[in-house]
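S.K.: First residue of the sequence shown? That's 38 in our numbering, and the numbers climb one at a time after it. This is the structure, below, for whatever I ask next.
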Amino acid sequence: MEKVHFENPALLHLLWLLLLQAGLLWYYWRWRSQTLYSIGSRQLEQRLLLGFSSDRFWLKNALFSLLFALTVIAIANPQRIERATPSLLGTSDIIFALDVSRSMLATDINPSRLKKAQDYLKDLIKSQGDNRLGLVFFAGDAFPQSPLTNDPSALLLFLSNASPDAVNNQGTSLSAAILQALRMFPMDSTIGKAVVLISDGESHTEEDLNAANVARKEGVVIHTVSVGSTAGSSIPVSAGKMLKDFEGNLVRTKLHEQSLQAIAAKTNGIYTKIEDQKGIQLVEEALNNLRKVKIEQQAGFVYKTYYQWFLAPAIFILLIDQLLFWRRKPIF
Numbered sequence: 038m039e040k041v042h043f044e045n046p047a048l049l050h051l052l053w054l055l056l057l058q059a060g061l062l063w064y065y066w067r068w069r070s071q072t073l074y075s076i077g078s079r080q081l082e083q084r085l086l087l088g089f090s091s092d093r094f095w096l097k098n099a100l101f102s103l104l105f106a107l108t109v110i111a112i113a114n115p116q117r118i119e120r121a122t123p124s125l126l127g128t129s130d131i132i133f134a135l136d137v138s139r140s141m142l143a144t145d146i147n148p149s150r151l152k153k154a155q156d157y158l159k160d161l162i163k164s165q166g167d168n169r170l171g172l173v174f175f176a177g178d179a180f181p182q183s184p185l186t187n188d189p190s191a192l193l194l195f196l197s198n199a200s201p202d203a204v205n206n207q208g209t210s211l212s213a214a215i216l217q218a219l220r221m222f223p224m225d226s227t228i229g230k231a232v233v234l235i236s237d238g239e240s241h242t243e244e245d246l247n248a249a250n251v252a253r254k255e256g257v258v259i260h261t262v263s264v265g266s267t268a269g270s271s272i273p274v275s276a277g278k279m280l281k282d283f284e285g286n287l288v289r290t291k292l293h294e295q296s297l298q299a300i301a302a303k304t305n306g307i308y309t310k311i312e313d314q315k316g317i318q319l320v321e322e323a324l325n326n327l328r329k330v331k332i333e334q335q336a337g338f339v340y341k342t343y344y345q346w347f348l349a350p351a352i353f354i355l356l357i358d359q360l361l362f363w364r365r366k367p368i369f
């Protein structure tokens, strides 16, 4: 436990204005006293100050000063950092591997393959509870975007930036995605491990199955989700322009399910299409049924705020100030 500090300490400099107020009040009261003294008539002075209460004048100014001080302290937000008590979580490890190759920009799936995959992953990530999650982007190569973490907001942040620009080497290498995901799992762990791989499947190499074999030996299940259509589509690269090959012909991309089906089958995983709601539900159930291990959540810190202890009396003083008049009233 640490001492109290302020979230916005710079705002406390506003309290120097209270010294300015005190100086102005002193100057005003000195000028007032000298002016009344110069009149030289007690009766005229009483007529000019009819109903005026010096006690109320100073009380209202004191209330204003206190109100101002409490408000400044409240918006500066006093806090205390406290260590959170570690807790045990029942968790599995899941890596999401997202294809970000140019073919994922195809619009045979509305609004595009990539956008459809992003929306699907966002919902899947939010449903994973205490599971530790990681994220990989891949095209011709694969790169980790987030290590395994209990904070899904980190994955959602990276996921929102998914684009073909994230990977320089274009193409589609499912094997690179699988091997990169395997490197992100802790070694010698008894925890349930799975990879959810989302792609249009444009990869047809023996290396894909070799990578799936490695995953199976390490006890990792790979679920594959295809996105795209067998009819295919051209690939937009800019407004009104489509991707062409070196000979000037339009490049057309189609969904290839065979590699994705084979990878899932090799690891006893599930293959489904992204628009197949029943298949998607099966993937979610499989993730929920992964072997979970109790692990101690890393002790963190929480901020306990105290602004309300200053804001509440400030509001009360404001109400009193509104009911208190400068001049004497019968109700007072």
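Every residue, glycine too, gets a C-beta built ideally from N, C-alpha and C. Fair warning: this is a prediction, and the values are worked out from it, not measured in the lab.
1. What's the call for N198, buried or exposed, on a 16-neighbour Cβ count within 10 Å?
2. S263 and D145 - do their beta-carbons sit closer together than 9 Å?
3. Hey, T342 and Q116: beta-carbon distance below 9 Å or not?
4. Give the DSSP-derived three-state secondary structure of L361 in the structure shown.
5. Determine the closest residue to A154 out of F43, Q165, F174, with distance taken between C-alpha atoms.
6. With distance defined between alpha-carbon atoms, name the residue in I307, T290, T242 nearest to H260.
7. How many angstroms separate the CA atom of L151 from the CA atom of I300?
8. Between the Cα of A134 and those of S226, I215, L107, spot the shortest distance and give me the residue it belongs to.
9. L219 and V233: beta carbons closer than 9 Å?
10. Is it the case that the segment 102–115 contacts the segment 182–190, given that we only count it when at least three CB pairs across the two stretches are under 8 Å?
11. Could you tell me the alpha carbon to alpha carbon distance between A111 and A59, rounded to whole angstroms?
12. Considering only C-alpha positions, which residue in the set K230, M141, R93, I76 is nearest to R289?
13. From the DSSP output, in three-state form, read off P189 for me.
14. With L196 and L158 assumed to form a contact (beta carbons below 8 Å), what rounded beta-carbon distance in angstroms separates them?
15. Give me, in chain order, the residues of the same chain whose beta-carbon lies closer than 7 Å to that of L287; leave out the 5 immediate sequence neighbours on both sides.
16. If you draw a straight line from the C-alpha of S183 to the C-alpha of V257, how long is it?
17. Buried or exposed: R67, going by 16 or more other Cβ atoms within 10 Å of its Cβ?
18. Let me know if V325 comes out buried or exposed under the rule of 16 or more other beta-carbons within 10 Å of its beta-carbon.
19. Could you tell me which whole alpha helix (DSSP H) segments of length 4 or greater appear in the segment 169–229?
20. Helix, strand or coil for P367 per DSSP?
21. Assuming the contact rule is C-beta atoms closer than 8 Å, D130 and K230 should be a hit. Round their C-beta distance to whole Å, please.
22. Please state if the CB of D160 and the CB of I235 are separated by a distance shorter than 9 Å.
23. Using a Cβ-Cβ cutoff of less than 8 Å, which residues in the same chain neighbour P223 once the five nearest sequence positions on both sides are dropped?
24. Grab me the residues of L348's own chain with a C-beta within less than 8 Å of its C-beta, minus the 5 sequence neighbours each way, in chain order.
25. Flag this pair as yes or no: are the beta carbons of S266 and L292 separated by less than 9 Å?
26. Would you say the beta carbon of M141 is closer than 8 Å to some non-hydrogen atom of the ligand MN?
M.R.: According to the structure shown:
1. Within the sequence shown, residue 198 is the residue found at index 161, counting from 1. Under this definition N198 is an exposed residue.
2. By 1-based counting over the sequence shown, the position of residue 145 is 108. By 1-based counting over the sequence shown, the position of residue 263 is 226. Going by C-beta atoms, D145 is not nearer than 9 Å to S263.
3. As a working note, residue 342 is residue 305 in the sequence shown. As a working note, residue 116 is residue 79 in the sequence shown. Contact flag set, yes.
4. As a working note, residue 361 is residue 324 in the sequence shown. Coil.
5. Here the question's residue 154 lines up with position 117 in the sequence shown. The shortest Cα separation from A154 among F43, Q165, F174 belongs to F174.
6. Counted from its first residue, the sequence shown places residue 260 at position 223. When only C-alpha atoms are compared, the closest one is I307.
7. Taking the first residue of the sequence shown as 1, we reach residue 151 at position 114. Taking the first residue of the sequence shown as 1, we reach residue 300 at position 263. Approximately 21 Å, taken between the alpha carbons.
8. Here the question's residue 134 lines up with position 97 in the sequence shown. It is I215 whose Cα lies nearest to the Cα of A134.
9. Position 182 of the sequence shown, counting from 1, holds the residue named residue 219. Position 196 of the sequence shown, counting from 1, holds the residue named residue 233. No, Cβ-Cβ distance for L219 and V233 is not below 9 Å.
10. no
11. Stepping through the sequence shown from its first residue, residue 111 is reached at position 74. Stepping through the sequence shown from its first residue, residue 59 is reached at position 22. Going by the C-alpha atoms only, they are around 22 Å apart.
12. Here residue 289 is taken as the residue at index 252 of the sequence shown, counted from 1. When only C-alpha atoms are compared, the closest one is M141.
13. As a first step, residue 189 is located in the sequence shown; it is residue number 152 there, counting from the start. In the structure shown, P189 sits in a helix (DSSP, three-state: H, G or I).
14. Indexing the sequence shown from 1 puts residue 196 at position 159. Indexing the sequence shown from 1 puts residue 158 at position 121. Between L158 and L196 the Cβ distance is about 6 Å, and since that is below 8 Å, they are a contact.
15. As a working mapping, residue 287 is identified with position 250 in the sequence shown. Answer for L287: S271, M279, K281, listed in chain order.
16. On the sequence shown, residue 183 is found 146 positions in, with the first residue counted as 1. On the sequence shown, residue 257 is found 220 positions in, with the first residue counted as 1. For S183 and V257, the distance between alpha carbons rounds to 19 Å.
17. Residue 67 sits at position 30 when you count from the first residue of the sequence shown. So R67 ends up on the exposed side.
18. In the sequence shown, the residue the question calls residue 325 occupies position 288. The sequence given here places Asn at residue 325; Val does not occur at that position. Looking at its Cβ environment, which holds fewer than 16 other Cβ atoms inside 10 Å, N325 is exposed.
19. 189–196, 211–221
20. Start at 1 with the first residue of the sequence shown, and residue 367 comes out as number 330. Annotation note: pLDDT 45 at P367 (below 50); position unreliable, no value reported.
21. Residue 130 sits at position 93 when you count from the first residue of the sequence shown. Residue 230 sits at position 193 when you count from the first residue of the sequence shown. The pair is a contact, with the Cβ atoms about 5 Å apart (cut-off 8 Å).
22. For the purposes of this step, residue 235 is taken as the residue at position 198 of the sequence shown. For the purposes of this step, residue 160 is taken as the residue at position 123 of the sequence shown. The answer is no: Cβ separation not under 9 Å.
23. Translated into positions along the sequence shown, residue 223 becomes position 186. Excluding positions up to five away in sequence, the list reads D130, L185.
24. Indexing the sequence shown from 1 puts residue 348 at position 311. Closer than 8 Å at Cβ, skipping near neighbours: L107, T108, A111.
25. In the sequence shown, the residue the question calls residue 266 occupies position 229. In the sequence shown, the residue the question calls residue 292 occupies position 255. Cβ atoms of S266 and L292: closer than 9 Å.
26. Summarising the ligand content, the structure contains no ligands, and the ligand MN is consequently not present.
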